[in-house]
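Participant: One structure coming up, written as structure tokens, with questions to follow.
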Amino acid sequence: MVSMNPSLDEVLKALRDSWSLESTEEPENWTPSNPSRGQCGVSSLIINDYFGGKLVLWKVYVGEEQVGFHYSNELPDGTPIDSTAEQFWENEELKEPSSFERPNRPPKNGADRYLILSSLVRSKLESNRVKAETAA
113 MVSMNPSLDE VLKALRDSWS LESTEEPENW TPSNPSRGQC GVSSLIINDY FGGKLVLWKV
173 YVGEEQVGFH YSNELPDGTP IDSTAEQFWE NEELKEPSSF ERPNRPPKNG ADRYLILSSL
233 VRSKLESNRV KAETAA
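Structure representation (structure tokens):
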């Protein structure tokens with residue numbers, strides 16, 4: 113886990129402020145009006161960096177057809193966190209969640225996106241910390 117101790121709200125805000133076309137897994141579906149689209153995998157890893165817990169893998173369905181996967185988090189106290197829940201279109205439904213421990217290796221898919229987003233989130237958190245210390 114990361115050595116900083118930001119609150120969950122601070123990390124979620126830093127994530128939301130950092131999402132971009134460069135960090136999405138779905139560049140063809142990403143828009144500034146739906147910035148969380150395709151950000152679930154990298155965002156769940158970053159939340160896990162700061163707070164630990166488990167990753168949760170969901171299957172995404174449209175009707176009876178599975179069209180993809182979705183990641184969210186389960187904090188160590190059991191609290192579910194889905195930082196990108198608002199990304200889904202009206203006809204998409206999450207089913208069959210399974211939680212698991214984070215593997216001790218870099219992600220197979222999206223390591224570059226994870227590094228980009230992680231760096232941006234860390235910079236925003238550090239910048240906010242400096243502003244708070246300066247104001248105090």
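In the working numbering, the protein residues as written are 113 to 248. Even for Gly, the Cβ is constructed at its ideal location relative to N, Cα and C.
Is Lys207 closer than 8 Å to Lys171 when the C-beta atoms are compared?
Facilitator: The Cβ atoms of Lys171 and Lys207 sit closer than 8 Å to each other.
Participant: May I ask which residues mark the beginning and end of the alpha helix (DSSP H) holding Gly153?
Facilitator: 152 to 163
Participant: Look at the alpha carbon of Glu205 and the alpha carbon of Glu177, and state the distance between them as a whole number of angstroms.
Facilitator: 10 Å
Participant: On the premise that Ser119 lies in contact with Ser156, defined as a C-beta separation below 8 Å, what is that separation, rounded to the nearest angstrom?
Facilitator: With 8 Å as the limit, Ser156 and Ser119 do not qualify as a contact, their Cβ atoms being about 18 Å apart.
Participant: Looking at the unbroken alpha helix (DSSP H) that takes in Lys125, where does it start and where does it end?
Facilitator: 120 to 130
Participant: Between Val123 and Gly175, what straight-line distance do the alpha-carbon atoms span, to the nearest angstrom?
Facilitator: Going by the C-alpha atoms only, they are around 34 Å apart.
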